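Quick note: the sequence shown uses the working numbering, first residue 5, plus one each step.
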Amino acid sequence: MRSDHADDDHRPAYVPRRFSSLHPRYPRTTTSLARPAAVEGVDDARARRAPGQPTGAAVTGLTPFSSVAYRYLFVGTMLTMSGYFMQQVAQGWLVYELTGSPTWLGIVSFAGGIPMLVLSLPAGVLVDRLDRRSVLIAAQGLAALVTVVLAVLIATSLVQPWHVAAIAFLGGSFFVVINPTRQALLPTAVARHELGSAIALMSAGTNSGRVIGPSLAGLLVAAFGAATAFGVQAAGSVLALACAYMLLPQPARHARRSSAIQNLLEGLRYVWRDPTVLALMCLQAIPAFLIMPYLQLMPVFARDVLQSGPEGLGTLMTVMGIGSVPGSVGIVIFPPRRQGIALIVSLAAFALLLVAFAASTSLPLSIGLMGLIGVAQAIYLTINNALVQVATPDALQGRVMSIYMMTWGLLPLGSLPQGALADWLGAPVVVAGSGLLGALIVIVMAVHSPTLRHL
């Protein structure tokens with residue numbers, strides 16, 4: 005759905021093609037992030053659009069990699085996202101080995117994800133009020149520290165289920181600051197004409213990490229054990245910290261003029277009044293609550309349903325990671341003209357493929373289905389993330405992206421009851437039921453939301 009300011013003869017293609025208005029209250033910053041090189045040719049007038057109106061950042065290829073700052077952000081974000089989702093799978097296998105209980109899988113997932121619900125909004129305000137580089141360095145360093153602690157506990161055989169839950173909570177608390185900070189730094193890392201391509205590529209990298217991380221964790225757990233997986237994650241966190249250190253300070257501009265409460269309400273009002281962003285946020289909540297909790301139940305499928313142990317878990321997650329590569333890269337190289345339709349179709353396919361996976365008792369068939377799940381999941385996540393970010397003005401990036409992250413906080417709310425239900429009904433029934441319900445909701449939203457269909 006387009007606003008009154010949008011031209012009738014223009015329809016946005018994947019990343020919308022043009023900035024159509026300037027807004028003096030939310031200018032896009034021009035400061036370089038790289039140390040020591042600077043990004044040249046950045047427009048002082050990077051602008052926001054009116055609510056519901058397409059923006060103007062075109063996908064122009066791989067030019068953002070010419071920015072040193074963008075390289076640091078891209079590599080650091082890939083390491084961070086891969087490490088975070090490595091942790092989800094590795095801690096799931098560890099807890100299942102310690103307890104044999106799907107309920108405990110839900111508890112640990114709940115502990116790791118609840119900060120996204122409770123802390124996302126305050127974290128977004130923090131990101132927009134303080135020097136974003138300093139915030140990123142502090143959060144990234146603390147995240148690395150807690151991962152090292154868990155690796156040591158596992159290696160010394162002192163680990164208990166409650167240790168995993170507590171460290172999952174701490175790691176989730178730091179991640180809820182790291183992710184929106186990285187997203188907020190992106191618009192100042194590249195020139196205006198490269199922004200659309202930069203957002204699309206970063207979204208592809210970010211969401212590849214969501215799939216590659218679990219794949220790597222599965223391999224490491226199968227070959228070397230959970231302690232090694234957490235050790236590799238800690239090393240990745242240290243490298244991401246080094247990338248953050250190589251950025252120049254980015255002091256907040258607009259947000260400090262108002263109180264923290266006013267800043268928070270400002271971000272909420274923007275999302276509520278922009279029909280495009282609101283629709284994308286709602287659509288993001290569906291897989292977070294209903295579909296994505298399947299990751300926490302993968303150890304149950306690997307060990308009890310497919311009788312394949314940690315090697316099977318590693319294979320399943322690796323194949324999903326392989327499938328995510330053509331999904332993420334392909335959607336950037338060949339962006340669909342009707343990205344709303346691609347968004348809906350890929351999410352519905354993701355949900356239905358998960359139903360088929362839940363019904364499978366054959367390891368080869370399950371492996372093939374996981375590859376297709378990786379493709380559909382990567383396409384959906386890349387499009388959704390890019391559309392939200394390109395629709396958001398720089399001054400509100402931290403707050404809007406933290407609200408976007410808050411939708412992922414619904415994952416623990418889904419994981420806890422799904423873990424308990426899996427104890428009662430079995431993991432296949434729970435995953436199949438959530439997939440069918442998710443697909444039904446997506447279809448209903450597609451029918452009743454012209455905003456999504458017309459993107």
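Where a beta carbon is used, it is the ideal one built from N, C-alpha and C, also for glycine. This structure is a prediction, so every number in the text was calculated from the model and none was measured.
Report yes if the CB atom of residue i is closer than 8 Å to the CB atom of residue j, and no otherwise.
i: A292; j: L415; result: yes
i: M85; j: G176; result: no
i: R273; j: L189; result: no
i: F354; j: I447; result: no
i: V236; j: L245; result: no
i: G271; j: G80; result: no
i: S241; j: A170; result: no
i: S219; j: L310; result: no
i: A142; j: L301; result: no
i: G209; j: P297; result: no
i: L468; j: L268; result: Past the edges of the chain, shown from 5 to 459, lies residue 468, and the structure says nothing about it.
i: A1; j: I348; result: The structure shown does not extend to residue 1, since the chain is modelled only from 5 to 459, so the question has no answer here.
With residue i and residue j assumed to form a contact (beta carbons below 8 Å), what rounded beta-carbon distance in angstroms separates them?
i: I290; j: I445; result: 5 Å
i: F178; j: L420; result: With 8 Å as the limit, F178 and L420 do not qualify as a contact, their Cβ atoms being about 21 Å apart.
i: F89; j: G222; result: The pair is not a contact, with the Cβ atoms about 11 Å apart (cut-off 8 Å).
i: A382; j: L357; result: So it is not a contact: roughly 13 Å between Cβ atoms.
i: M405; j: Q187; result: 4 Å
i: A431; j: P165; result: No, A431 and P165 are not in contact; Cβ-Cβ is about 19 Å, not under 8 Å.
i: D398; j: P191; result: 5 Å
i: Y100; j: P303; result: 4 Å
i: D278; j: A395; result: 7 Å
i: G213; j: A172; result: Actually they are not in contact, since the Cβ atoms of G213 and A172 sit about 18 Å apart, beyond 8 Å.
i: V434; j: Q422; result: 5 Å
With burial defined as no fewer than 16 other Cβ atoms inside 10 Å of the residue's Cβ, what is the status of residue i: buried or exposed?
i: L429; result: exposed
i: F78; result: buried
i: V150; result: buried
i: T412; result: The amino acid at residue 412 is misidentified as Thr; the sequence shows Trp. Answer is buried; the Cβ neighbour count reaches 16.
i: F338; result: exposed
i: Y74; result: buried
i: S161; result: exposed
i: G104; result: exposed
i: P266; result: Per the sequence shown, residue 266 should be read as Gln rather than Pro. Counting Cβ neighbours within 10 Å, Q266 comes out exposed, since fewer than 16 surround it.
Starting from the Cα of residue i, find the closest Cα among the options and give me that residue.
i: V181; options: P191, V139 and I216; result: V139
i: L367; options: W412, S328 and F305; result: F305
i: M82; options: L425, L287, L243 and A360; result: L243
i: S453; options: A195, M321 and C286; result: C286
i: T455; options: L391, G423, A142 and L425; result: L391
i: A436; options: D427, G145 and S364; result: S364
i: S350; options: A360, N267, I335 and F361; result: I335
i: A248; options: I118, L98, G145 and R277; result: G145
i: M250; options: S71, A195 and D278; result: S71
i: Q343; options: L125, L284 and P330; result: L284
i: F234; options: V168, G213 and I203; result: V168
i: R403; options: L205, T280 and V275; result: V275
i: T280; options: H458, L123 and G87; result: H458
i: L174; options: V153, L130, V194 and V163; result: V153
Validate contact between the stretch 144-163 and the stretch 363-383 using beta carbons, cut 8 Å, 3 pairs: no
At least 3 beta-carbon pairs within less than 8 Å: the stretch 315-334 vs the stretch 436-450: no
Contact between the stretch 98-110 and the stretch 379-389 (3+ Cβ pairs under 8 Å): no
Segment contact, 8 Å Cβ cut-off, at least three pairs: the stretch 87-102 with the stretch 224-232: yes
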